[in-house]
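Protein chains in written order, with numbering that gives the first Met the number 0: chain A, 0 to 460; chain B, 0 to 194. For glycine and all other residues, C-beta sits at the position ideal for the given N, C-alpha and C. These numbers were taken from a predicted model, which means no experiment stands behind them.
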Amino acid sequence: MKKTLFDKVWDAHVVETVPDGPQILYIDQHLIHEVTSPQAFAELDERGIPLARPDRTVATADHNVPTIDQHLTIKDALSRKQVEMLTQNCTKRGVTLYGLGHQYQGIVHVMAPELGITQPGMTMVCGDSHTSTHGAFGTIAFGIGTSQVAQVFASQCLLLNKPKKMRITVNGRLNDNVLPKDVILYIIARLGTNSGTGYFVEYAGEVFENMTMEGRMTVCNMSIEMGARGGMIAPDATTFAYVKGREFAPKGEKWQKKVAHWQTLPTDDGAEFDMEHEFDAADILPMITYGTNPGMGIKINGRIPEMNDASFDKALQYMGLEKGQSLINHPINYVFIGSCTNSRIEDFRMAASQIKGKQKAKNVTALIVPGSQQVAKQIKEEGLQEVFEEAGFEIRQSGCSACLGMNEDKIPAGEYCVSTSNRNFEGRQGPGARTFLASPLVAALTAVEGKIVDVTEMELV
Amino acid sequence: MEKFKTLTSRAVPLPIENVDTDQIIPARFLKATHKIGFGENLFRDWRYQKDGTPNKKFVLNDATYEGSILVAGENFGCGSSREHAAWALADYGFKVVVSSYFADIFRGNALNNGILPIKIDEEKLQRLLKHISENPNATLHIDLENQRLALGDIGLDERFDIDAYKKMCLINGYDDIDFLISKKDVIKTFEAQNH
Ligand code: SF4
């Protein structure tokens, strides 16, 4: 039978099918963080059972950590307790932890790929919905709830019903100034935030084939924003080149064997999907969102649609925007470049290239939050730090930061923020905060201009 | 997990649609490291006014209504996947939620925490909501074995769907962890062959 990439990886991990019930899926790699793991560890304690595979579990502290003075004790008592619990639990259960101050600490979805923990053909889970990021490697990766974290702890398996399969194909050549973030914002705007419910997505076509791994991660990261469990891209030479030589990547003969296996994973010609969508790269322009879900996006030089719907009105009211309005020249006081969607070195290179020799606008507070300590180090080594600092940007230490506003990094009520993160929900970046999601390019130029600018036809430096 | 076979209880009406998990338990309460205690903050921003005093108009603050069954409008549990929403409902004492549609992840989380989500069609849900709102003493009867939800007063006796495996789990007070642990040997064999 002809199989899709998703089928091949899924089927290879089915331990057993429960009659009239779900399948037992084996999980190769489990990533954990401080917010969704404590209750799962407690579950092991209450039942008096061991952690099945500490060697397949890796932890980091990212969601709830400060991005200033990470070497000091965390000020917020509850956050401190969560982070301390993670340390205690990992020590007790023999789990590798890249905690605060560790050279590998970072947002879980930035840390694992850059260490070569994420590899093609794997099944990976984490108690965080943006685990879909790792699908960029041809991995089945998805977010799970805390009970499921406990299931994986207890058995290294999950009970699941196999999702349906969707393929999204984008062929052609991307327009100038269109980044991977624009591609995924475009797809979500076209399909809607519920279009992926019940599906696992495969992104196919020239646009994704020509993307870097960082770009593919940005795309897969936001699969969940159309409701899909996850998204994946077939592994190819780009994938192998990225993984090769990384800390936990297979080496020597093992590497050869793995690559030979990974090459068998792409979808067979003629394999069937439950749903297919196709788009033309030429139709995609730089994007920005205007509302309170990631599907409420427009081409940056477009206008907010005129729709008559109560929830649409409510969203615009929250955002303080009008139907039919253009966002160009809209004043912005906050810019956030970070989050598991866009906090990799490529994103900061892009931002820095546009900022170099310029100053941020006076009204703007611009935050640069690297996805990991490793990215932070690269920012320094490549001289990007000076570029940002000279332009008046604030460089923080790594973590989720203003993506979810769980720590002190919040956008004040009523303020507008152009953010490279993935969710523009009401209050996501802080109570009353108003978020415009966009690419690092749009974010960087907004910081310089103090307002949203049309990057569509700009000649970039 | 507690075993669940039948339940006879009064019900609390919540005729609001699209109740998302941020309303069930706001994000600022997610810093806790235990599952218990979330009930206190269930529907926090509806239950309490900005100054922290109870909002008398909200149904949970209305002593007329009581019971371990919550009857809510369509699309209950949408939004963030936080399992804290299910913990909050369970901790508060709800054992059943009735609605005409449940968000996928919430339904799974509920079942994993011993809460039975019962889906009935919209027209019947409206009748049910109306009746319990007007007759706070009405009692519902739920029979999981036979998959039935009944409210004699209005001649309601509905069959509801539940996945056979999940039903077995609830009836035996089993959860996925117990089940997976019982499969230890099969999993070991799989590991040995594949990894
Ligand atoms: S950066 Fe944001 S979306 Fe990503 S893992 Fe952290 S909180 Fe979640």
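Near the ligand SF4: residue i beta-carbon under 8 angstroms from a heavy atom
i: L403/A; result: yes
i: S80/B; result: no
i: T340/A; result: yes
i: S420/A; result: yes
i: D162/B; result: no
i: D61/A; result: yes
i: G98/A; result: no
i: I106/A; result: yes
i: G337/A; result: yes
i: H29/A; result: no
i: H129/A; result: yes
i: C399/A; result: yes
Within chain B, partners of residue i - CB distance below 7 angstroms
i: K80/A; result: T32
i: P37/A; result: T32
i: L184/A; result: Simply none; closest approach about 20 angstroms.
i: V8/A; result: None at all; the shortest Cβ gap to chain B is about 12 angstroms.
Contact set for residue i: own chain, Cβ-Cβ below 7 angstroms, skip 5 residues either direction
i: G195/A; result: M165, S222, M225, G226 and A227
i: V58/B; result: V11, P12, L13 and Y64
i: K4/B; result: L143, E144 and I170
i: I153/B; result: R126 and H130
i: T188/B; result: none
i: P21/A; result: L158, L159 and N160
i: L114/A; result: Y103, R245, E246 and F247
i: Q38/A; result: T145
Contacts of residue i in chain B (Cβ-Cβ under 9 angstroms)
i: Y25/A; result: I186, F189, E190, N193 and H194
i: V258/A; result: Within 9 angstroms Cβ-Cβ: nothing; V258/A doesn't reach chain B, min ~18 angstroms.
i: V34/A; result: L29 and K30
Cross-chain neighbours of residue i in chain A, by beta carbon under 9 angstroms
i: Y47/B; result: Those do not exist, as Y47/B stays about 15 angstroms from chain A at its closest Cβ, beyond 9 angstroms.
Own chain, CB closer than 8 angstroms to residue i, minus 5 neighbours either side, in chain order
i: D27/A; result: H12, R55, M121, T122 and M123
i: V454/A; result: N176, P285, I299, L440, V441 and L444
i: T138/A; result: V8, T117, Q118, P119, G120, M121, T122, M123 and M231
i: C77/B; result: N17, V18, D19, T20, A102 and F105
i: P25/B; result: N40, R43 and D44
i: L315/A; result: Y289, G290, I303, E321 and K322
Residue i: contacting residues in chain A (beta-carbon distance under 8 angstroms)
i: I180/B; result: I48, A153 and S154
Within chain B, partners of residue i - CB distance below 8 angstroms
i: N63/A; result: K30
i: T263/A; result: None at all; the shortest Cβ gap to chain B is about 15 angstroms.
i: Q150/A; result: D175, I176 and L179
i: A41/A; result: T32, H33 and K34
i: V14/A; result: K182, V185, I186 and F189
Neighbouring residues, chain A, relative to residue i (Cβ below 7 angstroms)
i: D120/B; result: None at all; the shortest Cβ gap to chain A is about 20 angstroms.
i: Y164/B; result: V17, D19, G20 and P21
Beta-carbon contacts of residue i that lie in its chain and below 6 angstroms, excluding the five residues immediately before and after
i: C219/A; result: S131, T132, G134, A135 and G230
i: T266/A; result: T3 and L4
i: Q150/A; result: L157
i: R463/A; result: With chain A covering 0 to 460 only, the question about residue 463/A has no answer from this structure.
i: G144/A; result: none
i: V97/B; result: V70 and I117
i: A89/B; result: N112 and I114
i: T95/A; result: V57
i: R81/B; result: T20
### Task
Name, going along the chain, the residues of the region 65-92 of chain B whose beta-carbon falls closer than 9 angstroms to a beta-carbon of chain A.
Of all residues in the region 65-92 of chain B, those with a C-beta nearer than 9 angstroms to a C-beta of chain A are G78, S79, S80, R81, E82, H83, A85 and W86, reading in chain order.
### Task
Closer than 9 angstroms, Cβ to Cβ, to anything on chain B: give me those residues from the region 286-310 of chain A, in chain order.
Taking 9 angstroms as the Cβ-Cβ cut-off against chain B, the residues of the region 286-310 of chain A that qualify are S310.
### Under 8 angstroms (Cβ pairs) to chain A, residues found in the region 98-115 of chain B
If the cut-off is 8 angstroms between Cβ atoms, the region 98-115 of chain B has D103, I104, G107, N108, N111 and N112 near chain A.
### Query
the region 194-206 of chain A: which residues have C-beta closer than 8 angstroms to a C-beta of chain B, in chain order?
Against chain B - using a Cβ distance shorter than 8 angstroms - the residues of the region 194-206 of chain A are T196 and G197.
### Query
Residues in the region 122-149 of chain A with C-beta within 7 angstroms of chain B's C-beta atoms, listed in sequence order?
Listed in sequence order: S128, G142, G144, T145, S146 and A149.
### Task
Taking a Cβ distance cut-off of 7 angstroms, strictly less, list which residues of the region 158-172 of chain A are near chain B, in chain order.
The residues in question are L158.
### Task
Could you name the residues of the region 78-111 of chain A whose beta carbon sits closer than 9 angstroms to any beta carbon of chain B, in the order they occur along the chain?
Listed by position along the chain: S78, K80, Q81 and M84.
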